[in-house]
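S.K.: Heads up: the sequence shown begins at 0 in numbering that gives the first Met the number 0, then just goes up one per residue.
Don't be surprised by glycine CBs; every beta carbon is placed ideally from N, CA and C.
What you are looking at is a predicted structure, and each value in this text was computed from that prediction instead of being measured.
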Amino acid sequence: MLGYIARRILLMIPTLFGIMLISFVIVQFAPGGPVERIIAQLQGNDLGNAQVGGGGGGDLGAAARAQQSANSAYRGSQGIDPEFIAQLNKQFGFDKPAPERFFKMLWDYLRFDFGKSYFRDVPVLQLIKEKLPVSMTLGLWMLLFTYGISVPLGVAKAVRDGTPFDTWTSAVVIIGYAIPGFLFAILLIVLFAGGSFFQFFPLRGLTSEYFAELAWWQKILDYLWHIMLPITAMAVGAFATTTLLVKNSFLDEIRKQYVLTARMKGLTERRVLYGHVFRNAMLIVIAGLPVAVVHAFFAGALLIETIFSLDGLGLLSYESIVHRDYPVVFANLYIFALVSLVVGLISDLTYTVVDPRIDFETRET
0 MLGYIARRIL LMIPTLFGIM LISFVIVQFA PGGPVERIIA QLQGNDLGNA QVGGGGGGDL
60 GAAARAQQSA NSAYRGSQGI DPEFIAQLNK QFGFDKPAPE RFFKMLWDYL RFDFGKSYFR
120 DVPVLQLIKE KLPVSMTLGL WMLLFTYGIS VPLGVAKAVR DGTPFDTWTS AVVIIGYAIP
180 GFLFAILLIV LFAGGSFFQF FPLRGLTSEY FAELAWWQKI LDYLWHIMLP ITAMAVGAFA
240 TTTLLVKNSF LDEIRKQYVL TARMKGLTER RVLYGHVFRN AMLIVIAGLP VAVVHAFFAG
300 ALLIETIFSL DGLGLLSYES IVHRDYPVVF ANLYIFALVS LVVGLISDLT YTVVDPRIDF
360 ETRET
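1. What's the gap between the Cα of Asp324 and the Cα of Ala330?
2. Applying the criterion that 16 or more other CB atoms from any shown protein chain within 10 Å of the CB defines a buried residue, is Met233 buried or exposed?
3. DSSP three-state call for Arg74: helix, strand or coil?
4. Between which two residues does the alpha helix (DSSP H) carrying Glu212 extend?
5. Would you mind stating whether Leu314 and Val327 have Cβ atoms separated by less than 8 Å?
6. Can you confirm whether the region 187-197 touches the region 237-253 when touching is taken to mean that 3 or more C-beta pairs between the two stretches lie within less than 8 Å?
7. Mark Gly161 as exposed unless 16 or more other C-beta atoms lie within 10 angstroms of its C-beta, in which case mark it buried.
8. Kindly indicate the opening and closing residues of the alpha helix (DSSP H) around Pro151.
9. For Leu41 and Lys218, I'd like the C-alpha separation in whole angstroms.
10. Could you give the residue range of the alpha helix (DSSP H) that holds Ser319?
11. Just list the residues that DSSP pairs Ala192 with in beta bridges.
12. Count the C-beta pairs between the region 101-109 and the region 12-31 that are closer than 8 Å, then say yes if the count reaches three, no if not.
13. So what does DSSP say about Lys95, is it helix, strand or coil?
14. Buried or exposed: Pro229, going by 16 or more other Cβ atoms within 10 Å of its Cβ?
15. Give every residue of the same chain whose Cβ lies closer than 7 Å to the Cβ of Gly32, excluding the five residues on either side of it in the sequence, and list them in chain order.
16. For His225, which residues from the same chain have a beta carbon less than 8 Å from its beta carbon, with the 5 sequence-adjacent residues on both sides left out?
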């Protein structure tokens, strides 16, 4: 097993290199970089974003301050002084050849040195730390809610396949799968957050303004009160998918010959189900866990964060792409890829816990 783990860890190096290289090459050909954005603002052409790095909160970066100091001198002129453009290129590091910039970025990222945001004048790692609690909250609660309900419900549906219970729960699951998370979030706001009917839940944030003044048990209730709607909206689609996956996986295993043999030996239905079927049926569910984790933490919360005014990693990544804040973009991509690879390895190791018969050392890699 140690040999397999070592090989997987070594394989992460070329995988990360390839991901970062492809992304870096794409960015080189993408129009509208940070220098172009500043020039467009100086010329009054950047109508979609009146302020550099807008939406990030915090101070303007050195690039934006340079823009402000030069704004009066260059706005309205026929062109931009080439020396000023050269200064901007040097400030962003674009005066160096692309290969040199790429390998410097890799060396810095290996030491988890992500530099500073172009337009916020804040270390990228600090930005990620500030947004991470929101994404962790949404991701962890979504996974607990999804798997805590989907697995037992899927097993119950498989055991009662074809019964009225299976029929009406399938209807609920399919409806949940068909409704997009962001649309369900809007529906929850309209119904329960003061939209048109009731105002049982708050509309924004993870805590109340007076959170620090509350007792510890009141803080817990306040926190749960705030996350109820966004977590429900996020989990509805994943809940439906996981439930059907668990049900179908259990049905496939229940129909196999070894289950019939176990029953003929006189084993109880509970022993057959949880002693034999469960560990085999759950393998496919575990296989999808890394994707679910990465999706919950990094990719699945953008619209929910926007609708409920939750400032997390999803919103940070989106704003950074829009504003061409490359240090933040590449740092999020690097961390996203690294977490995906590590969680994938953990998922493989979990296979051996669910089914000790699996031995990765005997597999050819």
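M.R.: Looking at the atomic coordinates:
1. In the sequence shown, the residue the question calls residue 324 occupies position 325. In the sequence shown, the residue the question calls residue 330 occupies position 331. Taking the straight line from one Cα to the other gives about 10 Å.
2. For the purposes of this step, residue 233 is identified with residue 234 of the sequence shown, where counting begins at 1. So Met233 counts as buried.
3. On the sequence shown, residue 74 is found 75 positions in, with the first residue counted as 1. Low confidence applies to Arg74: its pLDDT is 43, below 50, so where it sits in the model is not reliable enough to give any reading.
4. As a first step, residue 212 is located in the sequence shown; it is residue number 213 there, counting from the start. Per DSSP, Glu212 lies in no alpha helix (DSSP H) and is assigned neither H nor E.
5. Position 315 of the sequence shown holds residue 314. Position 328 of the sequence shown holds residue 327. With contacts defined as CB atoms closer than 8 Å, Leu314 and Val327 fail to qualify as a contacting pair.
6. Touching, no.
7. Within the sequence shown, residue 161 is the residue found at index 162, counting from 1. Under this definition Gly161 is an exposed residue.
8. On the sequence shown, position 152 is the one that residue 151 refers to. Here the alpha helix (DSSP H) through Pro151 covers Val123 to Val158.
9. Locating residue 41 in the sequence shown gives position 42, where the first residue counts as 1. Locating residue 218 in the sequence shown gives position 219, where the first residue counts as 1. Going by C-alpha positions, Leu41 is about 47 Å away from Lys218.
10. Taking the first residue of the sequence shown as 1, we reach residue 319 at position 320. Counting along the chain, the alpha helix (DSSP H) containing Ser319 begins and ends at Leu312 to Val321.
11. Mapped onto the sequence shown, residue 192 falls at position 193. Its beta-bridge partners are Gln198.
12. Three or more pairs of CB atoms, one per stretch, sit closer than 8 Å, so the region 101-109 contacts the region 12-31.
13. Locating residue 95 in the sequence shown gives position 96, counting from the first residue. Looking at Lys95 - three-state DSSP - the assignment turns out to be coil, as it is neither helix nor strand.
14. By one-based count along the sequence shown, residue 229 stands at place 230. Buried, by the Cβ-count rule.
15. Residue mapping note: residue 32 aligns to position 33 of the sequence shown, counting from 1. Excluding sequence neighbours, Gly32 sits near Arg323.
16. Within the sequence shown, numbered from 1, the residue matching residue 225 stands at position 226. By the criterion of a C-beta distance shorter than 8 Å, His225 is surrounded in its chain by Phe200, Pro201, Gly204, Leu205, Thr206 and Ser207, once the five residues flanking it on both sides are discounted.
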